[in-house]
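Numbering (the UniProt record's numbering), first residue to last: 1 to 308.
Ideal Cβ positions, reconstructed from N, Cα and C, are used throughout, including at glycine.
See below for the structure under consideration.
Written out as C-alpha cells, the structure reads:
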C-alpha cells in the first residue's frame with residue numbers, strides 16, 4: 001500500500017516540523033516574561049513569533065487531516081480491492097498528491113487566521129533606575145491585538161472565523177476518524193473471510209497495516225477533540241476565566257500532540273516494512289535485490305538467482 005506509506009511520510013514531516021516550531025516558540029515565550037531591566041520584544045521578534053505560531057498550527061492541522069486521508073485510503077483499498085477504478089489510490093504518487101493538496105488547503109486556512117491579529121505599538125520602555133547596567137536607550141513596546149476588521153461589530157467576524165477554524169481543524173476530523181476507524185474494523189472482519197486462501201505473511205502484513213492506521217487515527221482523535229470543543233465554546237463564552245481554562249486545555253492537547261508526533265515515526269518503522277522500503281527508495285538507499293525463480297525438474301528444484 002504505497003499511497004498509505006507516502007501519506008505516513010507526510011505525517012512524519014508535519015510532526016517533525018510542528019515539534020521544531022514548538023521548541024522555537026517555547027524559547028520566545030520564555031522571553032515574554034522579563035523584569036524591569038530586560039528590554040522588551042523587538043518588532044522582528046514579535047513577527048517571528050507570529051509566523052511560527054501560525055506555521056505550527058498549519059502543520060498540526062495538516063497532520064490531523066492526513067490521518068483522515070490515510071484511514072480513508074485504507075478503507076477504500078479493503079472495500080474496493082477488486083475494482084480497477086480504485087487501484088490508482090494505492091499508487092505512491094497519489095499519496096504525495098493528496099498530501100500536497102491537504103497542505104495547500106491548510107496553509108490557506110492559516111493565512112486567513114493570521115489576518116485575525118496585528119502588531120501595534122503600545123508605548124516606550126526604558127531601563128529602571130535600579131538596573132545595574134542602566135542604559136538611556138528607549139525601546140518601543142509592541143503587542144498582538146485583534147485586527148480592526150475582525151474586531152468590528154463586537155467581534156462578529158472573529159467569532160465566525162474561530163467557529164469555522166474549530167470545525168475544520170478539530171471537530172470534523174474527530175467526527176470522521178471514529179467513523180472511519182469503525183468502518184475499518186468491520187471491513188477487516190469481512191476481508192478475513194476472503195483472505196483465507198492467502199498466505200500467512202500476506203494476511204499478517206495486511207492486518208498489521210490496518211492496525212497501524214487504526215492506532216494513528218485513534219491518537220489523532222484523542223489529541224484533537226478536547227481542543228476543538230473548547231474552541232467552539234470560545235465563540236459563545238468570552239469571560240477571562242473560561243479563556244484561561246481553554247488555554248490550559250489547549251496546552252494539554254499540544255502536549256498530547258507532541259507525544260503523538262514523537263512516537264509516530266518509531267511505530268511506523270517498527271510495524272511497517274513497506275514504510276522502511278519506501279523511505280529507502282525515496283532517499284535512493286537501495287540494497288541489492290535477489291529475484292529467485294524456481295524451476296521444477298521432477299522431484300528436484302533448481303533455484304536461479306539474479307542480482308539487481
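Here residue 123 is exposed, its C-beta having fewer than 16 other C-beta atoms within 10 Å. DSSP places residue 128 in the coil class of the three-state scheme, outside both helix and strand. Within the model, the alpha-carbon separation for residue 80 versus residue 72 is close to 12 angstroms.
With respect to the C-alpha of residue 17, the residue from 60, 115, 110, 93 having the closest C-alpha is 60.
Between the stretch 47-67 and the stretch 7-26 there are three or more inter-stretch CB-CB distances shorter than 8 angstroms, so the stretches are counted as touching.
Residue 3 is positioned such that its CB atom lies no closer than 9 angstroms to that of residue 67. According to the DSSP secondary-structure assignment, residue 123 is paired through a beta bridge with 141. Residues of the same chain with a CB within less than 7 angstroms of the CB of residue 107, apart from the 5 flanking positions on each side, are 58 in chain order. The three-state secondary structure of residue 118, taken from DSSP, is strand.
By the neighbour-count definition (other C-beta atoms within 10 Å, threshold 16), residue 166 is a buried residue. Counting every other CB atom within 10 Å of its CB across the protein chains shown gives residue 113 a total of 16 or more, marking it as buried. Burial is judged here by how many other beta carbons sit within 10 angstroms of a residue's own beta carbon; residue 121 has fewer than 16 and is exposed. Residue nearest to residue 146 within the set 109, 154, 139 is 154 (criterion: CA-CA distance). Taking residue 37 as the centre and dropping the five residues before and after it, the same chain places the C-beta of 127, 128, 131 closer than 7 angstroms to its C-beta, in chain order. The Cβ neighbour count for residue 187, taken over all protein chains shown within 10 Å, is at least 16; the residue is labelled buried. Rounded to the nearest whole angstrom, the CA to CA distance from residue 46 to residue 143 is 8 angstroms.
If the five residues before and after residue 98 are omitted, its C-beta is found closer than 7 angstroms to the C-beta atoms of 7, 69, all from its own chain and listed in chain order.
By a beta-carbon distance limit of 8 angstroms, residue 116 contacts residue 158. Their separation comes to about 6 angstroms.
Rounded to the nearest whole angstrom, the CA to CA distance from residue 74 to residue 221 is 17 angstroms.
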